[in-house]
Structures are given as structure tokens and as C-alpha cells.
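Quick mapping for you: the protein sequence lines, in order, are chains H and W. Using my numbering, the letters of the first sequence map in sequence onto residues 79 to 297. Using my numbering, the letters of the second sequence map in sequence onto residues 79 to 297. Don't be surprised by glycine CBs; every beta carbon is placed ideally from N, CA and C.
There are 2 protein chains.
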Amino acid sequence: MTTPSTKVSRLSEKQTTARERLDELLDSTPLATVALVRDGHPVIFPTGFARVGDELVIHGSTGSPWMRALADGAQAAVSVTGLDGIVVARSGFESSFRYRSAVVFGVFERVPEAQKVYYLNRLTDAFIPGRTAELRASTRKELAATLPLRLGIREDNWSLKISGGWPDDPEDDIAGDAWAGVVPMSITYGPPLRAPDLRPGIPVPESVRALTGGPPSAR
Amino acid sequence: MTTPSTKVSRLSEKQTTARERLDELLDSTPLATVALVRDGHPVIFPTGFARVGDELVIHGSTGSPWMRALADGAQAAVSVTGLDGIVVARSGFESSFRYRSAVVFGVFERVPEAQKVYYLNRLTDAFIPGRTAELRASTRKELAATLPLRLGIREDNWSLKISGGWPDDPEDDIAGDAWAGVVPMSITYGPPLRAPDLRPGIPVPESVRALTGGPPSAR
Numbered sequence: 079m080t081t082p083s084t085k086v087s088r089l090s091e092k093q094t095t096a097r098e099r100l101d102e103l104l105d106s107t108p109l110a111t112v113a114l115v116r117d118g119h120p121v122i123f124p125t126g127f128a129r130v131g132d133e134l135v136i137h138g139s140t141g142s143p144w145m146r147a148l149a150d151g152a153q154a155a156v157s158v159t160g161l162d163g164i165v166v167a168r169s170g171f172e173s174s175f176r177y178r179s180a181v182v183f184g185v186f187e188r189v190p191e192a193q194k195v196y197y198l199n200r201l202t203d204a205f206i207p208g209r210t211a212e213l214r215a216s217t218r219k220e221l222a223a224t225l226p227l228r229l230g231i232r233e234d235n236w237s238l239k240i241s242g243g244w245p246d247d248p249e250d251d252i253a254g255d256a257w258a259g260v261v262p263m264s265i266t267y268g269p270p271l272r273a274p275d276l277r278p279g280i281p282v283p284e285s286v287r288a289l290t291g292g293p294p295s296a297r
Numbered sequence: 079m080t081t082p083s084t085k086v087s088r089l090s091e092k093q094t095t096a097r098e099r100l101d102e103l104l105d106s107t108p109l110a111t112v113a114l115v116r117d118g119h120p121v122i123f124p125t126g127f128a129r130v131g132d133e134l135v136i137h138g139s140t141g142s143p144w145m146r147a148l149a150d151g152a153q154a155a156v157s158v159t160g161l162d163g164i165v166v167a168r169s170g171f172e173s174s175f176r177y178r179s180a181v182v183f184g185v186f187e188r189v190p191e192a193q194k195v196y197y198l199n200r201l202t203d204a205f206i207p208g209r210t211a212e213l214r215a216s217t218r219k220e221l222a223a224t225l226p227l228r229l230g231i232r233e234d235n236w237s238l239k240i241s242g243g244w245p246d247d248p249e250d251d252i253a254g255d256a257w258a259g260v261v262p263m264s265i266t267y268g269p270p271l272r273a274p275d276l277r278p279g280i281p282v283p284e285s286v287r288a289l290t291g292g293p294p295s296a297r
């Protein structure tokens, strides 16, 4: 093993080793942040991702230097964070966030050429569930321009911290007059906006309706 | 200069060099993701942050090994991302996200001891505007346990990409029957939840009311 230790060094009581909790987090947000090392310096970039079984999948242009570096075997650290609320304590010191934070370490690999369509469809459907079935197939030119990469989620290459509690104030503060509680935070989807070049008469598709909470269309 | 180039290598038409756009992004979200290199491997962690003028400020426990590594001069790359929507194109290939993505490179430094309270208050007020004025002062013990670090935002150590447009489909697809548009995404705050140990009769404070969009209390 050449990956860093996944032992959480701080606030270890918040660490969980339950794989289903990891999957819940990975399936709840499309945004990952990827770090790698180039010429001894840290490089970082955000990207959409999907969990596909035991793999974390990203994609980018075949012309992207960071994607190529990852494809060529650069060690990566991938952070996925869900910010679930502000913990409003009775002091600045105890104030914090409710969050779920996962890090997956390892080396990405290119997906097999024969499975490229499968992985790209899974990515599209992770961002907009059901969208692939509504779309034309990818062209050969599109596939050739796209680099999907996968990182295996093993037993020993990830860590997860979950902070979901309440303010943990000392008794003196609890006896005082300051308010304490939690302000929940969540990502919400707004009503869909039509593209300026959308032809008249094309209804919002089922996938977008489902994502934005609207009723299914009658069709 | 030992920081990596801030020239965006891909989709350079999305790059902006306007400092006010950077500040807007940094002021719109409390979450940063920090990468550094330890023993040749990439390390990554999420953390709350605040922009204080020309500085990006984070804090953590004096016992945190990553915070200590940063305080000791480790090169850092800090990513701040706003996910603003899903660009629903007429193909999987053209589908993407509306986002604002900043990276700031450099070396953090400890804030001067005399300014520790100032920086910590700015952090608290960045997460919950106005909260500091409602709270008791930090104790010496709390201050001693907290390590605030700052990273200067200079002219040449950050990059910003903004993708705020519409699907950019080829004519053949525009002439077809697929829907295209944008599903806006935003972070929303829910109604505040009282801590289980909150004494009766303590009202939700102004700071929390303002954050969650409620009317100011009468007091």
C-alpha cells in the first residue's frame, strides 16, 4: 500500500467505517474535488462524479492535462463533502458545521474502451436520473474526445467523518442566555429554465421534472 | 514564484481575471477544500473559511496535523466551488454544470497573536453574520487551542473559472426533439432547530433569523 493512512487523526469519534454511509454521501452530491501532485506542488480541481458500484467515476476532455496525469497513474485524493447545517453554539469556539466528509485515495484508471458508453451514461444519469434514455446515443467523435476514469473503492482506501450533532457547550454556557441550535443547509433545485434556442412545443422531460420535484407529465 | 501556473489550461474562455468575481464566490460559500503534499502524496480536506480583505482565512485545532503542516509552510492549493445549476443539453456530451470555481495557491501563515480574536470573530461572522456580537468573548483557553491561518490573495496566485451559460448544442441537435435548458441549484437554509439542551424562553437570535430569512424579532 502506498496510499496515506486513512486513520482520521482529529475528532476520531466522528469517523465511521460503514460503507453504506459512504455510499449515501457519494450518491447525494455530484461534486468531487480532486487533488494530485505535479512537480512537487499540490494541484486541485472540482469535477462532477458518480459512484458506480465500487468505483468512483469522473470524466473530462482527453485534452485536459490533469485528467491525463490521473490517467497516467498520478496518486489522487478525492474529497466529497456534504454540508448539512450550521451548528450554532453558545460560543464561537463550539460553533461548527454539520457535515459529511469523505476522502478516497488511490490511482484512477481509464475505463475499458468497450465500457466507455456504459460509464458515460452512468455519469449522465447520476447528474440527471433517467436522462440517458431521453437522449440520442453518443457519437464516435464525442466518445473519442471524452476521457472517463475510475477509482476503485476498496476496504482500505477511504475515510469518512460525519458530524451530525448539536452544540456541545460547557455547563456555564448552557446556563447562560445565548441561543443554541442548528440551521439546516441543503442543496435545492429550482424550476427548470428553457434554453434560449429551444424550439417551441418541446415539454420539460420526465428526468428534469423528477429532479425538480414537479409532477410527471401526462404525455 | 514557486506556485504553479494559474493559467487555465482547458476551456480558457471561461477564465476570468476579475477580482470582484473572485470575491463574490469566496463570500458566497463557507466551504473550501484544501490540498497539500505529505511524503509525496496528495492530502485533501474540507474546511470552513472566510475571506478577510485580501486574505483567505481558515482555522482548526492546534492538534491537527494538516493545520500544523500548513502553519509550517507546506504549499497549499485551495479550491472553492459554487455549483449553480445543471446544464441540460440535447446530448450527454454537451450536458454540464453551471459553476464558479476558484483555486488559490500559496503558503498559509499563522495570524499574529494580537489579531487572533479579530480573525476568529471574522470567521464566526462569515458563517453566521452578526453572531459575534451576540456571544461572550473567547476564553484564553479556547484561543490557545485554536490555530487560525491566513493565505494572501495576491494578483498572481489565483484562478477563477465561471461557467454560467446555456447548452451549446450543434444545429442537428437543436433541430431535434430533445429538451434543453438549465436546472438552477442553490444552497438553502432551513428553519432553525433548537438544541435539545436549550433553556426555555431563549428566542432565536437576530443573526440566525437574518440567515434563515425570518423577520427580525421585536425585542
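Can you list the residues of chain H that residue i reaches, using a CB-CB cut of under 9 Å?
i                      : result
residue 199 of chain W : 170
residue 153 of chain W : 118, 119, 120
residue 283 of chain W : 166, 256, 257
Below 9 Å on C-beta distance, what does residue i contact in chain W?
i                      : result
residue 265 of chain H : 161, 263, 264, 265, 266
residue 179 of chain H : 123, 124
residue 220 of chain H : 169, 170, 171, 172
residue 100 of chain H : In chain order: nothing, as chain W lies at least about 15 Å away.
Have a look at the DSSP bridge pairing and note the partners of residue i.
i                      : result
residue 121 of chain W : W/114
residue 248 of chain H : Residue 248 of chain H is not bridged to any residue.
residue 135 of chain W : W/128, W/228
residue 93 of chain H  : H/239
residue 177 of chain W : W/161, W/241
residue 271 of chain H : W/260
residue 198 of chain H : Answer is none; residue 198 of chain H lacks a bridge partner.
residue 109 of chain W : W/126
Determine the chain W residues that contact residue i at a beta-carbon separation under 7 Å, and present them in chain order.
i                      : result
residue 336 of chain H : With chain H covering 79 to 297 only, the question about residue 336 of chain H has no answer from this structure.
residue 272 of chain H : 259
residue 275 of chain H : 252
Helix, strand or coil: how does DSSP classify residue i here?
i                      : result
residue 103 of chain W : helix
residue 286 of chain H : helix
residue 185 of chain W : strand
residue 203 of chain W : helix
residue 236 of chain H : strand
residue 147 of chain H : helix
residue 154 of chain W : strand
residue 192 of chain W : helix
residue 266 of chain H : strand
residue 296 of chain H : With a pLDDT of 36 at residue 296 of chain H, under the threshold of 50, the predicted position of this residue should be treated as unreliable, though the coordinate-derived value follows. Three-state result, residue 296 of chain H: coil.
residue 213 of chain W : coil
residue 80 of chain W  : Residue placement at residue 80 of chain W cannot be trusted, given a pLDDT of 39 that sits under 50; the coordinates are not used to answer.
residue 276 of chain W : coil
Cβ closer than 8 Å: which chain W residues qualify as neighbours of residue i?
i                      : result
residue 157 of chain H : 111, 122, 123, 124
residue 173 of chain H : 202, 205, 206, 209
residue 286 of chain H : 166, 257, 259, 261
residue 115 of chain H : 115, 118, 119, 120
Mark residue i as exposed unless 16 or more other C-beta atoms lie within 10 angstroms of its C-beta, in which case mark it buried.
i                      : result
residue 222 of chain H : exposed
residue 269 of chain W : exposed
residue 153 of chain H : buried
residue 79 of chain W  : With a pLDDT of only 34 at residue 79 of chain W, under the threshold of 50, the placement of this residue in the model should not be trusted, and no figure is reported.
residue 170 of chain H : buried
residue 219 of chain H : exposed
residue 110 of chain W : buried
residue 196 of chain H : exposed
residue 151 of chain H : exposed
residue 228 of chain W : buried
residue 160 of chain H : buried
residue 224 of chain H : buried
residue 131 of chain W : exposed
residue 184 of chain W : buried
residue 215 of chain H : exposed
residue 232 of chain W : exposed
residue 178 of chain W : buried
residue 211 of chain H : exposed
For a contact meaning CB atoms closer than 7 Å, what does residue i contact in chain H?
i                      : result
residue 164 of chain W : 205, 206
residue 290 of chain W : 261
Which residues in chain H have a C-beta closer than 8 Å to the C-beta of residue i? List them in chain order.
i                     : result
residue 60 of chain W : No answer is possible for residue 60 of chain W: it lies beyond the span of chain W, which begins at 79 and ends at 297.
Members of the region 205–216 of chain H that neighbour chain W once the beta carbon cut-off is set at 7 Å: 205, 206, 210, 212, 213, 214, 216
Selection of the region 222–248 of chain W by Cβ proximity to chain H, strictly under 9 Å: 223, 224, 244, 245, 247
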